[in-house]
Amino acid sequence: MQNAPDPVARAGAQHDQQGGGSVDIVPHGLAWRQALHAATSAARRGLHVFPIGRAKLPAIRSPHRDDPRGIPQCRGACGRPGHGVHDATTDAQRLAALFAAAPHATGYGIACGRGAYPLLGIDLDRKNGVDGVVSLDALARQHTFTVPDTMVIATPSGGLHLWFTGPAGAPVHNSASKLGPGIDVRGYGGYLVGPGSWTARGVYRVAELRDVAELPDPLLSLMLPPPPVRRPRPEPPALPGPRRSAALLGLVKFVLQAPEGELNNRLYWAACRGYETGADAEAFGRALVDAAVSLGHPERAAERTVKSARNAPVRNRA
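For the sequence shown, the numbering used here gives the first residue as 1, with consecutive numbering after it.
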């Protein structure tokens, strides 16, 4: 079957044979301990995790639930737990403290869109007459790409979660059935339920234990937001040579001065701004990649980030 997502079909068949929708009964204390163990193991592999409950929602109540309406939403700057996906961490001590504050946790969420190799999830629903596996197969045929072998998680309802890595800084956000019936996307600001989590419907299990594959470029393009609609306006004048060179040098310095944790975002932003000036794609892109690598950023990840900015749909080129 040409361009069929073989690993997805294989995992789906195995899940069907194993009766993926069954509900396992487990003592609550055991579920909490198993969730903490699984979450700690995931954190050691660089995944950002936090505790969730049987309903797959964050297990720690918000410390701001009684705050007056209209104040800016806190995303963890207050230092207290209870900010959902914004609590996600790779630090073992921090994670243990989160679980200690969540005695009713039975699972863990994995934050998407974090780190040098951000995790992105494809959630394939298979219920109520909708089959996301079939929809992804059709999407792959239509856009001529092959779904690579990757980590696949089986859900209690019969669905599948496919894990991929994407370029750092790419604006991939959550969506539901945008790519096709039964195909949901988990991107920045979203999370995936981790394997080993116990929920009201059952347990999430590993269906295909593999290295996490890079998201195919055609599929990544479909997941990026469409260009905003802009009213016609005069094109901005091209920067003269000296001014353009100074601007590009400033962008490289902007990357070199990135504080810890901000390198990916700065690299993507600087690349977008530089290409808007009409910069030479190869020379400017190489300078940004070299700057990022000098700070310890993986070269391949930096190249994908710069490439993503170069292919961004809206840009004024000189």
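We put the beta carbon where it would ideally sit given N, CA and C, even for glycine.
Practice task
Would you check if the segment 79-95 and the segment 54-68 touch, i.e. whether three or more CB-CB distances between them fall below 8 Å?
Solution key: A contact exists between the segment 54-68 and the segment 79-95.
Exercise for the section: Kindly indicate which three-state DSSP category Leu160 falls into: helix, strand or coil? Expected result: The count along the sequence shown starts at 1 and reaches residue 160 at position 160. Three-state result, Leu160: strand.
Handout entry: Same chain only: Cβ atoms within 8 Å of Ala92, ignoring 5 sequence neighbours per side
Key = Residue 92 sits at position 92 when you count from the first residue of the sequence shown. Around Ala92: Thr40, Ala43, Arg44.
Practice task
Mind checking which residues open and close the alpha helix (DSSP H) that includes Ala287?
Solution key: Translated into the one-based positions of the sequence shown, residue 287 becomes position 287. Where Ala287 is concerned, the enclosing alpha helix (DSSP H) stretches over 281-294.
Problem - Contacts around His297, its chain only, beta-carbon distance under 6 Å, and the 5 residues preceding and following it disregarded - result: In the sequence shown, counting from the first residue as 1, residue 297 sits at position 297. Cβ neighbours of His297 beyond the five flanking positions: Leu263.
Handout entry: Distance between Val203 and Lys307 (C-alpha atoms, nearest Å)
Key = Counting from one through the sequence shown, the residue named residue 307 turns up at place 307. Counting from one through the sequence shown, the residue named residue 203 turns up at place 203. Each residue's alpha carbon lies about 39 Å from the other.
Problem - Sheet register partners of Lys178 (DSSP bridge) - result: The sequence position of residue 178 within the sequence shown is 178, counting from 1. Looking at the DSSP output, Lys178 sits in no beta bridge, so it has no partner there.
Exercise for the section: Write down the C-beta distance between Arg310 and Ala287 rounded to the nearest angstrom, noting that I regard them as a contact closer than 8 Å. Expected result: Looking up residue 310 in the sequence shown gives position 310. Looking up residue 287 in the sequence shown gives position 287. Contact flag wrong, Cβ pair sits at about 13 Å.
Exercise for the section: Can you grab the Cα-Cα spacing for the pair Leu136 / Ile52, in whole Å? Expected result: Residue numbering aside, residue 136 sits at position 136 when the sequence shown is read from its first letter. Residue numbering aside, residue 52 sits at position 52 when the sequence shown is read from its first letter. So the two alpha carbons sit approximately 28 Å from each other.
Practice task
Just mark Leu249 as buried or exposed, buried being the case when its beta carbon has 16 or more other beta carbons within 10 Å.
Solution key: As a working mapping, residue 249 is identified with position 249 in the sequence shown. Classification for Leu249: exposed.
Exercise for the section: Report yes if the C-beta distance between His37 and Thr90 is below 8 Å; otherwise report no. Expected result: As a first step, residue 37 must be located in the sequence shown, where it is residue number 37. As a first step, residue 90 must be located in the sequence shown, where it is residue number 90. Contact: no.
Practice task
Report yes or no: do the segment 163-179 and the segment 114-121 share at least 3 C-beta pairs separated by less than 8 Å?
Solution key: Three or more beta-carbon pairs drawn from the segment 163-179 and the segment 114-121 are found closer than 8 Å, and the two stretches are therefore classed as touching.
Problem - Proximity to His161 [Cα-Cα], best of Ala176, Val193, Leu57 - result: On the sequence shown, residue 161 is found 161 positions in, with the first residue counted as 1. His161 has its Cα closest to that of Val193, out of Ala176, Val193, Leu57.
Handout entry: C-alpha gap between His173 and Gly109, whole angstroms
Key = Position 173 of the sequence shown holds residue 173. Position 109 of the sequence shown holds residue 109. Cα-Cα distance, rounded: 17 Å.
Problem - Among Ala279, Ala258, Cys272, Glu276, nearest to Val293 - alpha-carbon criterion - result: As a working mapping, residue 293 is identified with position 293 in the sequence shown. Put simply, of Ala279, Ala258, Cys272, Glu276 the residue whose alpha carbon is nearest the alpha carbon of Val293 is Ala258.
Practice task
Please say whether Phe164 and Val212 have beta carbons closer to each other than 8 Å?
Solution key: For the purposes of this step, residue 212 is identified with residue 212 of the sequence shown, where counting begins at 1. For the purposes of this step, residue 164 is identified with residue 164 of the sequence shown, where counting begins at 1. Phe164 sits close to Val212, with the two beta carbons spaced by under 8 Å.
Practice task
Mind checking which residues open and close the beta strand (DSSP E) that includes Tyr108?
Solution key: On the sequence shown, residue 108 is found 108 positions in, with the first residue counted as 1. Note, Tyr108: beta strand (DSSP E), 107-111.
Exercise for the section: Round the Cβ separation of Val152 and Glu208 to the nearest angstrom and send it over; I've been treating them as touching at under 8 Å. Expected result: Walking along the sequence shown from the start, residue 152 turns up at place 152. Walking along the sequence shown from the start, residue 208 turns up at place 208. Val152 to Glu208, Cβ: 4 Å. Contact.
Practice task
List the DSSP bridge partners of Phe50.
Solution key: Taking the sequence shown and counting its residues from 1, the one referred to as residue 50 is at position 50. The partner list for Phe50 (beta bridge, DSSP) reads Gly109.
Handout entry: Contact set for Val206: own chain, Cβ-Cβ below 8 Å, skip 5 residues either direction
Key = Along the sequence shown, one-based indexing puts residue 206 at 206. Excluding five sequence positions before and after Val206, the CB atoms of its chain that fall closer than 8 Å to its own CB belong to Met151, Val152, Ile153, Ala154, Pro195, given in chain order.
Exercise for the section: Starting from the Cα of Gly190, find the closest Cα among Cys272, Leu224, His86, Pro103 and give me that residue. Expected result: Taking the sequence shown and counting its residues from 1, the one referred to as residue 190 is at position 190. Comparing Cα positions, the closest option is His86.
Problem - Rounded C-alpha distance that separates Tyr268 from Arg300 - result: By 1-based counting over the sequence shown, the position of residue 268 is 268. By 1-based counting over the sequence shown, the position of residue 300 is 300. The straight-line gap from Cα to Cα measures roughly 14 Å.
Practice task
Assign Leu57 to buried or exposed, taking buried as 16 or more other Cβ atoms, counted over all protein chains shown, within 10 Å of its Cβ.
Solution key: If you number the sequence shown from 1, residue 57 lands on position 57. Exposed.
Exercise for the section: Give me the Cα-Cα distance between Gly76 and Ala283, rounded to the nearest whole angstrom. Expected result: As a first step, residue 76 must be located in the sequence shown, where it is residue number 76. As a first step, residue 283 must be located in the sequence shown, where it is residue number 283. Each residue's Cα considered, the two are about 39 Å apart.
Practice task
Look up Val325 in the DSSP assignment and give the residues it is bridged to.
Solution key: As displayed, the chain neither begins before 1 nor continues past 318, which places residue 325 out of reach and without an answer.
Practice task
Would you grab the beta carbon distance between Gly107 and Gly182 for me? Rounded to a whole angstrom, and I think it's under 8 Å.
Solution key: Counted from its first residue, the sequence shown places residue 107 at position 107. Counted from its first residue, the sequence shown places residue 182 at position 182. With a Cβ gap of about 23 Å, Gly107 and Gly182 do not count as contacting.
Handout entry: Top-ranked residue by Cα proximity to Arg126, from Ser157, Gly46, Pro103, Ala35
Key = Taking the first residue of the sequence shown as position 1, residue 126 is located at position 126. Ranking Ser157, Gly46, Pro103, Ala35 by CA distance to the CA of Arg126 puts Ser157 first.
Problem - Closest residue to Ile122 among Ala102, Leu222, Ala35, Ile60 (Cα-Cα distance) - result: On the sequence shown, residue 122 is found 122 positions in, with the first residue counted as 1. Of Ala102, Leu222, Ala35, Ile60, the residue nearest in Cα terms is Leu222.
Practice task
Decide if Gly285 is buried, meaning its Cβ has at least 16 other Cβ atoms within 10 Å, or exposed.
Solution key: Numbered from its first residue, the sequence shown carries residue 285 at position 285. It is buried - the Cβ of Gly285 has at least 16 other Cβ atoms within 10 Å.
Exercise for the section: For the alpha helix (DSSP H) containing Ala96, list its first residue and its last residue. Expected result: The count along the sequence shown starts at 1 and reaches residue 96 at position 96. Unbroken alpha helix (DSSP H) run through Ala96: 92-100.
Handout entry: Range of the contiguous alpha helix (DSSP H) that encloses Tyr275
Key = Along the sequence shown, read from residue 1 onward, the residue named residue 275 stands at position 275. Counting along the chain, the alpha helix (DSSP H) containing Tyr275 begins and ends at 263-276.
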